[in-house]
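Enquirer: Mind looking over this structure? Questions follow.
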Amino acid sequence: MANTTPNITNSVGIRIRIRTKTRPASSSMAATLATLSTGHCIPTGSLVINSGSSRLGGTARVDSVNGHLTRSRASSIRAAAEGEPVGTSSSAQGIENLVIIGSGPAGYTAAIYAARANLKPVVFEGFQAGGVPGGQLMTTTEVENFPGFPEGITGPDLMDRMKRQAERWGAELYQEDVEFIDVKNAPFTVHSSERKVKCHSLIVATGANARRLGLPREDEFWSRGISACAICDGASPLFKGQVLAVVGGGDTATEEAIYLTKYARHVHLLVRKDQLRASRAMQDRGHNLRYIHACLVRVL
Numbered sequence: 001m002a003n004t005t006p007n008i009t010n011s012v013g014i015r016i017r018i019r020t021k022t023r024p025a026s027s028s029m030a031a032t033l034a035t036l037s038t039g040h041c042i043p044t045g046s047l048v049i050n051s052g053s054s055r056l057g058g059t060a061r062v063d064s065v066n067g068h069l070t071r072s073r074a075s076s077i078r079a080a081a082e083g084e085p086v087g088t089s090s091s092a093q094g095i096e097n098l099v100i101i102g103s104g105p106a107g108y109t110a111a112i113y114a115a116r117a118n119l120k121p122v123v124f125e126g127f128q129a130g131g132v133p134g135g136q137l138m139t140t141t142e143v144e145n146f147p148g149f150p151e152g153i154t155g156p157d158l159m160d161r162m163k164r165q166a167e168r169w170g171a172e173l174y175q176e177d178v179e180f181i182d183v184k185n186a187p188f189t190v191h192s193s194e195r196k197v198k199c200h201s202l203i204v205a206t207g208a209n210a211r212r213l214g215l216p217r218e219d220e221f222w223s224r225g226i227s228a229c230a231i232c233d234g235a236s237p238l239f240k241g242q243v244l245a246v247v248g249g250g251d252t253a254t255e256e257a258i259y260l261t262k263y264a265r266h267v268h269l270l271v272r273k274d275q276l277r278a279s280r281a282m283q284d285r286g287h288n289l290r291y292i293h294a295c296l297v298r299v300l
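Note that the sequence shown covers residues 1 to 300 in UniProt numbering.
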């Protein structure tokens with residue numbers, strides 16, 4: 001069996017190299033390993049990757065996170081090893097029950113459920129480029145479709161509430177980047193920028209990255225005229241008072257275009273299809289924007 005060391009990079013600044021062994025997938029590996037709720041324990045030696053499409057073997061990758069982890073399907077997770085259910089914490093022997101990597105909605109949700117199940121999880125929150133944990137919601141203004149907040153809530157406020165809830169139930173949080181994890185042998189070993197932690201089980205909830213357009217010279221102008229975060233950069237002198245364009249036709253693109261109207265002289269929303277995919281509420285809010293349909297986009 002060949003050793004492989006694939007890399008994973010996430011949206012909150014965690015760069016991970018996984019050391020594992022290539023081996024054929026089996027039906028037992030594809031089985032659902034964990035439902036993070038009271039009465040269900042994560043098997044010893046299990047590696048759970050929360051993503052839209054993840055696997056361990058010749059490659060290990062995290063594609064995208066939809067924010068829910070409580071009932072991962074068999075097609076979404078793979079195990080690096082199998083074993084018996086974990087009971088109470090074994091940290092007295094220097095081995096944690098569970099380590100969670102990531103601090104977005106998925107990471108904090110996993111921490112809350114695991115802590116309530118008395119697994120005493122350790123969470124490595126990591127950092128975004130802006131220097132704060134919390135995932136991509138930290139760059140979102142109003143969150144209006146999260147249950148329990150009829151008036152809406154800002155992304156940072158929502159993530160702060162999730163963090164405090166995880167802490168309340170006993171999750172141990174570290175604002176550190178994970179640099180390397182070794183899942184070749186159980187217990188697994190997690191190396192952060194500050195410490196080394198051994199654990200029986202590992203959840204990787206490292207989030208998503210901005211999808212680039214793949215245009216000529218895009219890399220050259222990234223962060224120098226091209227940005228993936230209107231909230232982060234919209235008020236900067238580089239963009240303020242300028243004619244700006246947002247590429248996309250969904251809720252995220254429309255929300256960012258609306259936000260930029262606070263600073264830009266004019267905002268174009270470049271939609272690559274014949275109609276907007278944004279919700280009707282978001283479209284109505286952006287009625288004063290100039291929509292350009294089926295427009296070719298080039299970096300000059």
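Even for Gly, the Cβ is constructed at its ideal location relative to N, Cα and C.
Bear in mind the structure is a predicted one, so any value in this text is a computation, not a measurement.
Among the residues of its own chain, which have a CB less than 8 angstroms from the CB of V247, if the five just before and after it don't count?
Expert: So the list reads L213, A253, L270, R272 and V297, once near-sequence residues are dropped.
Enquirer: Quick one: is residue 326 buried, meaning 16 or more other Cβ sit within 10 Å of its Cβ, or exposed?
Expert: Residue coverage of the chain in this structure runs from 1 to 300, which leaves residue 326 outside it and unanswerable.
Enquirer: Please work out which residues of its chain come closer than 8 angstroms, Cβ to Cβ, to R195, disregarding the five sequence neighbours upstream and downstream, and give them in chain order.
Expert: Y174 and E176, listed in sequence order.
Enquirer: Rank I231, S103 and A278 by C-alpha distance to the C-alpha of Y263 and give the top, closest one.
Expert: Per the Cα distances, I231.
Enquirer: Are three or more beta carbon pairs between the segment 162-171 and the segment 111-118 nearer than 8 angstroms?
Expert: Counting Cβ pairs under 8 angstroms, three or more are found: they touch.
Enquirer: Is it buried or exposed for A281, if we count other Cβ within 10 angstroms and need 16 for buried?
Expert: Answer is exposed; the Cβ neighbour count stays below 16.
Enquirer: Short check: CB of H268 to CB of A235, under 8 angstroms?
Expert: Not closer than 8 angstroms, so no.
Enquirer: Is the separation between the beta-carbon of T154 and that of E144 shorter than 8 angstroms?
Expert: Taking 8 angstroms as the Cβ cut-off, T154 and E144 do not qualify as a contacting pair.
Enquirer: Based on DSSP bridge pairs, tell me the residues matched to E172.
Expert: E172 is bridged to V122.
Enquirer: In the segment 242-269, which residue ranges form an unbroken alpha helix (DSSP H) of at least 4 residues, counting only runs that do not cross its ends?
Expert: 251-260, all fully within the segment 242-269.
Enquirer: What runs of the beta strand (DSSP E), each 3 residues or longer, lie entirely inside the segment 170-209?
Expert: With a minimum length of 3 residues, the continuous beta strand (DSSP E) runs that stay inside the segment 170-209 are 172-174, 178-182, 188-192 and 196-204.
Enquirer: Does L137 come out as helix, strand or coil in the three-state DSSP assignment?
Expert: Helix.
Enquirer: Does the Cβ of Q136 have 16 or more other Cβ atoms within 10 Å, making it buried, or fewer, making it exposed?
Expert: The residue is buried, with at least 16 neighbouring Cβ atoms inside 10 Å.
Enquirer: Helix, strand or coil for L98, going by three-state DSSP, please let me know.
Expert: Strand, per DSSP.
Enquirer: Here's the rule: buried if 16 or more other CB atoms are within 10 angstroms of the residue's CB, otherwise exposed. What is H266?
Expert: Exposed.
Enquirer: Which residue wins for smallest C-alpha separation from V122, given the options G286, V204 and P147?
Expert: Ranking G286, V204 and P147 by Cα distance to V122 puts V204 first.
Enquirer: Please determine, among G286, I95 and A117, the residue with the shortest C-alpha to C-alpha distance to P187.
Expert: If we check each option's Cα against that of P187, I95 comes out closest.
Enquirer: Which two residues bound the contiguous alpha helix (DSSP H) that contains C232?
Expert: Unbroken alpha helix (DSSP H) run through C232: A230 to D233.
Enquirer: With DSSP as the reference, please indicate the residues paired to E142 in a beta bridge.
Expert: Note: E142 sits in a beta bridge opposite T154.
Enquirer: What's the C-alpha gap between R211 and P147?
Expert: Roughly 27 angstroms separates the two Cα atoms.
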